[in-house]
Amino acid sequence: MTKNEEFSKICNDIKIGKFAPIYLLHGEEVYFVDRILKLLQESVLTDEEKDFDFQQFHGSDVEDLTEVIYACRRYPMVAARQLVILNNAQSLVSRSDRTRIDHMLPYFQSPFEQTVLVVVYNGTKLEKADIIKAVTKSGGVVYEGKRVPDYELVKFLPEFLAQTGLQFEPNAIQMLADHIGSDLNRLMSEIDKMRISMTGTRVTADLIAAHIGISKDFNNYELIHAIAVKDFRKCELIRRYFVQNPKNNPWVITLSVLFDFFTNLMLSHYASDKSVNGLMREVGMNYGAAKDMVAALKNYSAWKAMENIALIRECDARQKGARGAAVPEDEVLLDLLYRLMH
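Using this note's numbering, the letters of the sequence shown map in sequence onto residues 1151 to 1492.
Right, dumping it as structure tokens:
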């Protein structure tokens, strides 16, 4: 079962009223965790029932987890079940045994059937095998929100984006992966804003570019492609666009992208499989980046890649004034692009 399928199954069960006694939600990717938590808050109780049968605790405020256990074991007052949430459990302060999550192990092993307990570790993976085993064995749900690696984004996004009901062209998905990356909360936020002005359901690369504040032809992704194939004319056009639109193209981001590109180029030179799929797997990059890297391997030696990394560091220092008076960004970038490709 894929992560998308696992997430969908949990959400579908909640929507039809099939609740588990415990939900242990943790992991680095908070998007999925937040969605499940919100769905539980909306589904377990009505607004009227929440006045009597809903309690929420925050990890940093809990002085004794016995209080949470007592809340879980009491009978609901109005509804058929009660909802208890322990949020930000990663912030529990270990002042004593009673403020450690292990104190709740007996409850996890034998939960109260009329309580839905939700334990949330925001942005953190819970490294407690005994806790996870106890929750699972007692019929609870353990869900880990795993951050999607950049090199898997293009493969992951089509299924993930299907929930929006929109039809994304492959180039649009590639652009989302390249310019937003694995920040799923930001990705969905940008899509929600885009939908407001959409008239249909088809999403093109042009539409993405217009709504997330980038130029389809003049951006860091296109700059890297131009450098990879040594397209001097395109590099100069992009540089001029960056100079004219500095707010949308911060120098620090461009420099970081260039540094990452040549660092990955160094790694790619020593990869056992230098094909697109091989570089995606061994170096850990997405399809578009791997395709550019295959082209770059033909144009830049490992020695030149190492030399370019040093050049990028030198230009960063020059622009910041670390080596005398600060030099304007446009002059530094012009000089840098020429030296990178010669």
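C-beta atoms are modelled at their ideal positions from N, C-alpha and C, and glycine is treated no differently.
- Task: Compute the Euclidean distance between the alpha carbons of E1464 and L1408, then round it to the nearest angstrom.
- Result: Cα to Cα, the separation comes out at about 13 Å.
- Kindly indicate which three-state DSSP category L1311 falls into: helix, strand or coil? L1311: helix per DSSP, three-state reduction.
- Message: So the candidates are D1252, G1273 and V1228; which of them puts its Cα closest to the Cα of K1237?
- Response: The sequence shown places Asn at residue 1237, rather than the Lys named in the question. If we check each option's Cα against that of N1237, G1273 comes out closest.
- What are the boundary residues of the alpha helix (DSSP H) that includes L1417? Per DSSP, L1417 belongs to the alpha helix (DSSP H) from W1401 to H1419.
- Query: In the structure shown, what three-state DSSP assignment does F1202 receive?
  - Reply: Residue state, collapsed to three classes: helix.
- Message: So, at 8 Å on beta carbons, what are the nonlocal neighbours of D1423 in its own chain, with the 5 sequence-adjacent residues on each side left out?
- Response: These residues qualify, in order along the chain: L1429, R1431 and E1432.
- Query: Just checking my contact of I1377 with M1491 at CB under 8 Å: how many whole Å lie between their CB atoms?
  - Reply: Contact between I1377 and M1491 holds, since their C-beta atoms are separated by about 6 Å, short of 8 Å.
- Between S1288 and Q1264, which are expected to be in contact by the criterion C-beta below 8 Å, what is the C-beta distance as a whole number of angstroms? Between Q1264 and S1288 the Cβ distance is about 14 Å, and since that is not below 8 Å, they are no contact.
- Residue range of the unbroken beta strand (DSSP E) whose run includes H1494: Residue 1494 lies beyond the stretch modelled for the chain, which goes from 1151 to 1492, so this question has no answer here.
- Item | Burial state of F1291, where buried means 16 or more other Cβ atoms lie within 10 Å | It should be pointed out that residue 1291 corresponds to Val in this sequence rather than to Phe. Answer is buried; the Cβ neighbour count reaches 16.
- Message: Give me the residue from A1452, W1453, V1482 and D1367 with the minimum Cα distance to D1466.
- Response: Checking every option, the nearest Cα to that of D1466 belongs to V1482.
- Spatial neighbours of F1310 in its chain, beta-carbon cut-off 7 Å, leaving aside the 5 residues before and after: Excluding sequence positions up to five before and after F1310, its CB lies within less than 7 Å of the CB of N1154, all in the same chain and listed in chain order.
- Stretch-stretch touch, CB-based, cutoff 8 Å, three pairs: the region 1433–1446 with the region 1371–1386: The region 1433–1446 is in contact with the region 1371–1386.
- Query: Roughly how far, in whole angstroms, is the beta-carbon of V1270 from the beta-carbon of E1319, given that I think they are within contact range, below 8 Å?
  - Reply: Incorrect: roughly 36 Å between the Cβ atoms, too far for contact.
- Based on the DSSP secondary-structure assignment, which residues constitute the bridge partners of I1235? DSSP output for I1235 lists Q1206 and V1268 as bridge partner(s).
- Query: Given G1233, which residues of its chain have a CB within under 6 Å of its CB, disregarding the five upstream and five downstream residues?
  - Reply: In the sequence as displayed, the identity of residue 1233 is Leu instead of Gly. Cβ neighbours of L1233 beyond the five flanking positions: V1194, L1195, F1204 and V1266.
- Message: Tell me the residue span of the alpha helix (DSSP H) that contains Y1220.
- Response: Counting along the chain, the alpha helix (DSSP H) containing Y1220 begins and ends at T1216 to R1223.
- Give the range of the beta strand (DSSP E) segment to which V1183 is assigned. The continuous stretches of beta strand (DSSP E) do not include V1183, which lies in the alpha helix (DSSP H) extending over residues V1180 to S1193.
- Item | Three-state secondary structure (DSSP) of Y1293 | Residue state, collapsed to three classes: strand.
- Query: Can you name the start and end residues of the alpha helix (DSSP H) that D1342 belongs to?
  - Reply: Residues L1334 to I1346.
- Out of M1348, A1355, H1361 and G1350, point me to the one whose CA is closest to R1336's CA. For R1336, the closest alpha carbon among the candidates M1348, A1355, H1361 and G1350 is that of H1361.
- Message: Using the Cβ count rule (16 or more neighbours within 10 Å means buried), how would you classify I1346?
- Response: Exposed: under 16 other Cβ atoms inside 10 Å.
- May I have the straight-line CA-CA distance separating E1340 from L1326, to the nearest angstrom? For E1340 and L1326, the distance between alpha carbons rounds to 10 Å.
- Query: DSSP puts Q1317 in a beta bridge; with which residues?
  - Reply: R1352, per the DSSP bridge assignment.
- 6 Å Cβ shell around K1380 - same chain, five flanking residues per side excluded: So the qualifying residues of the chain are N1449 and M1491.
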